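Following: one structure in structure tokens, then a few remarks.
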Amino acid sequence: MKLHSCTLCMLSIVLLSTASLAHAQGRATLQAAVTRIDITPEKPVRMSGYASRKDLSSGVHDPLSARVLAFELAGKRLVLVSTDLIGFYDGTAESMREALLREFDLEPSELFLTAIHTHAGPTLTIDAERGHPNNVEYTATLKGKLIEAVRVALDDMKAVRLGLGVGYSPVGANRRELRIGRDGASSIVLGRNPYGPTDKEVLVMKVARADGGLMAVAFDYATHGTSLGPGNYTISGDVLGLAEQFVEKILGPETIAPAFAGASGNIDPWYRVLPAFSTEPGWIPEPVLLGTLLGEEVVHVCRGIDDTHSPDKIRTAFAALELPPKPRENASDDESPDPASFNITAARIGDVAFIGLGGEVLTEIGLAIKAGSPCKHTFVITHCNGAAGYLVPKELHVQDGYEVRTSRFAPQAADIVVREALRMLHDL
3 MKLHSCTLCM
13 LSIVLLSTAS
23 LAHAQGRATL
33 QAAVTRIDIT
43 PEKPVRMSGY
53 ASRKDLSSGV
63 HDPLSARVLA
73 FELAGKRLVL
83 VSTDLIGFYD
93 GTAESMREAL
103 LREFDLEPSE
113 LFLTAIHTHA
123 GPTLTIDAER
133 GHPNNVEYTA
143 TLKGKLIEAV
153 RVALDDMKAV
163 RLGLGVGYSP
173 VGANRRELRI
183 GRDGASSIVL
193 GRNPYGPTDK
203 EVLVMKVARA
213 DGGLMAVAFD
223 YATHGTSLGP
233 GNYTISGDVL
243 GLAEQFVEKI
253 LGPETIAPAF
263 AGASGNIDPW
273 YRVLPAFSTE
283 PGWIPEPVLL
293 GTLLGEEVVH
303 VCRGIDDTHS
313 PDKIRTAFAA
323 LELPPKPREN
333 ASDDESPDPA
343 SFNITAARIG
353 DVAFIGLGGE
363 VLTEIGLAIK
373 AGSPCKHTFV
383 ITHCNGAAGY
393 LVPKELHVQD
403 GYEVRTSRFA
413 PQAADIVVRE
423 ALRMLHDL
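Just so we're aligned: the sequence shown equals residues 3 to 430 in the working numbering.
Here you go:
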């Protein structure tokens with residue numbers, strides 16, 4: 003009888019220990035959820051990306067969406083929000099971020115609020131005096147939609163496994179074209195420079211449920227959303243938005259494919275600044291062609307990812323830098339311009355890194371961050387948590403060009419951003 007009681011006692015201890023271990027392991031299991039919400043304008047709106055475009059949008063070619071991919075592990079969260087927009091300019095980044103951080107009690111480092119940088123979407127504005135009423139209304143509605151999308155994701159977390167794959171695509175081309183005038187003078191113009199540096203990498207993250215079912219396919223690629231130019235008045239996600247839609251169509255309705263724009267300040271699609279979607283019989287419109295080509299590579303890479311795992315840590319960090327500004331023209335020697343702000347958000351899930359850059363960053367900067375990253379795979383994501391404009395490598399300031407002329411930052415600013423981004427990644 004004593005032996006029997008002792009055996010039962012030991013068995014109880016073992017069962018309790020096993021249950022405690024399982025419970026602890028359950029808390030340490032990576033959880034995730036993904037959701038998609040329609041953000042297509044319901045009314046004609048002013049469109050973003052080209053100052054010469056004055057009229058309101060005249061129709062919709064393909065729908066715009068916001069996609070939320072949220073992770074949680076041991077109480078630490080990471081919320082990635084991808085929107086089919088040009089970016090969060092004119093104070094809208096701060097407004098949207100503050101609303102999301104407050105609503106869900108997120109740390110600033112736990113939120114990546116991003117845009118794919120399509121130039122065929124609505125302009126965001128909270129300025130009721132200068133902004134068109136339809137755009138002001140759209141922006142206010144968008145805030146509510148993003149809050150609801152994040153809420154749905156955070157309320158639906160499930161155990162997941164991650165897999166990573168790398169592909170390559172020729173869709174993006176360097177746009178800093180050297181031209182020689184009749185007078186022999188050289189200049190850098192926006193065109194096509196097929197020999198210029200580009201980041202061809204298509205980085206693909208597969209998010210699978212515990213039963214192996216596909217939940218999400220997140221991908222990162224460096225290109226502007228400028229297949230369509232100022233002559234186009236039709237709403238579209240352009241190349242990255244069309245690629246998202248293609249991936250979701252091929253992989254099925256239960257799969258959501260958030261895209262992120264890599265370092266592409268000087269990268270345009272191979273076919274760029276077209277007046278509209280061509281309706282010529284038998285012709286595939288260039289934005290559709292390029293979006294499909296990129297989407298096919300994402301699907302191809304995703305289908306080749308067999309190895310998935312459950313990382314054991316989420317780490318995040320956030321830095322608001324004050325970068326040296328460009329001197330103002332015709333300023334006196336005793337006038338010093340105010341420092342220019344630039345946000346960097348860093349995150350790490352296992353051996354996968356995310357670096358969010360709050361501006362329009364040229365591709366050489368993204369390549370430098372990837373080369374110095376301590377992680378095997380690094381998502382460099384631009385138009386993230388800010389809209390500070392062009393950030394140009396020091397060596398390109400000598401060449402001049404559109405990106406240099408419109409940048410707020412001094413030549414040494416890019417090196418500061420690269421160093422800080424790498425420091426943050428190494429600290430994680």
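Just so you know, even glycine gets a beta-carbon here, dropped at the ideal spot from N, CA and C. All values reported here derive from a predicted model rather than from experimental measurement.
The beta-carbon distance between residue 205 and residue 310, rounded to whole angstroms, is 16 Å. This is too long to meet the 8 Å contact definition. According to DSSP, residue pairing for residue 179 in a beta bridge involves 191. Note on residue 140: 16 or more other CB atoms within 10 angstroms of its CB, so buried under the neighbour-count rule. Residue 410 carries a coil assignment under DSSP once its states are collapsed to helix, strand and coil. From the listed residues 317, 371, 398, the smallest Cα separation to residue 78 is found for 317. Taking a C-beta distance under 9 Å as the contact criterion, residue 59 and residue 40 do not qualify as a contact pair. Contact between residue 412 and residue 326 holds: CB atoms are separated by about 4 Å, below the 8 Å threshold.
Of the candidates 292, 266, 264, 262, the residue whose Cα lies closest to the Cα of residue 276 is 292.
Boundaries of the alpha helix (DSSP H) around residue 100: 94-106. When only Cα atoms are considered, residue 81 and residue 397 end up about 35 Å apart. Counting of Cβ neighbours within 10 angstroms places residue 143 among the exposed residues, the total staying below 16. For residue 221, the three-state secondary structure derived from DSSP is strand. For residue 153, the enclosing alpha helix (DSSP H) covers residues 135-156.
For residue 122, there is no enclosing beta strand (DSSP E), since its DSSP letter is neither H nor E.
For residue 291, no beta strand (DSSP E) run applies; the uninterrupted alpha helix (DSSP H) run containing it begins and ends at 288-305, by DSSP. In the structure shown, residue 111 adopts helical secondary structure according to DSSP, grouped into three states. Contact annotation, residue 221 with residue 259: C-beta distance approximately 7 Å; criterion of less than 8 Å satisfied. Per DSSP, residue 33 lies in no alpha helix (DSSP H); the unbroken beta strand (DSSP E) holding it starts and ends at 33-40. Beta-bridge analysis with DSSP links residue 393 to 363.
For residue 275, the three-state secondary structure derived from DSSP is coil. In terms of Cα proximity to residue 407, the closest of 346, 330, 425 is 330.
Taking 9 Å as the cut-off, the beta carbon of residue 358 is found closer than this to the beta carbon of residue 348. Taking a contact as a CB-CB distance under 8 Å, the pair residue 65 and residue 85 does not count as one, their CB atoms being some 13 Å apart.
Put simply, the backbone Cα of residue 124 is about 16 Å away from that of residue 148. By the C-beta criterion, the stretch 266-282 is judged not to be in contact with the stretch 148-158, since fewer than 3 inter-stretch pairs fall below 8 Å. Contact between residue 70 and residue 151 holds, since their C-beta atoms are separated by about 5 Å, short of 8 Å. Here residue 120 is near residue 51, since their CB atoms are less than 9 Å apart. Straight-line measurement puts the Cα of residue 402 at about 12 Å from the Cα of residue 192. For residue 208, the enclosing beta strand (DSSP E) stretches over residues 203-211.
The Cβ atoms of residue 366 and residue 342 do not sit closer than 9 Å to each other. One alpha carbon belongs to residue 230, the other to residue 242, and they sit about 12 Å apart.
A residue is called buried once 16 or more other Cβ atoms fall within 10 Å of its Cβ, and residue 399 is buried on that count. Here DSSP, grouped into helix, strand and coil, assigns residue 159 to coil. With a contact defined as Cβ atoms closer than 8 Å, residue 301 and residue 253 qualify at about 6 Å. Within the DSSP secondary-structure output, residue 49 pairs in a beta bridge with 124.
Straight through space, the alpha carbons of residue 49 and residue 112 are spaced by roughly 30 Å.
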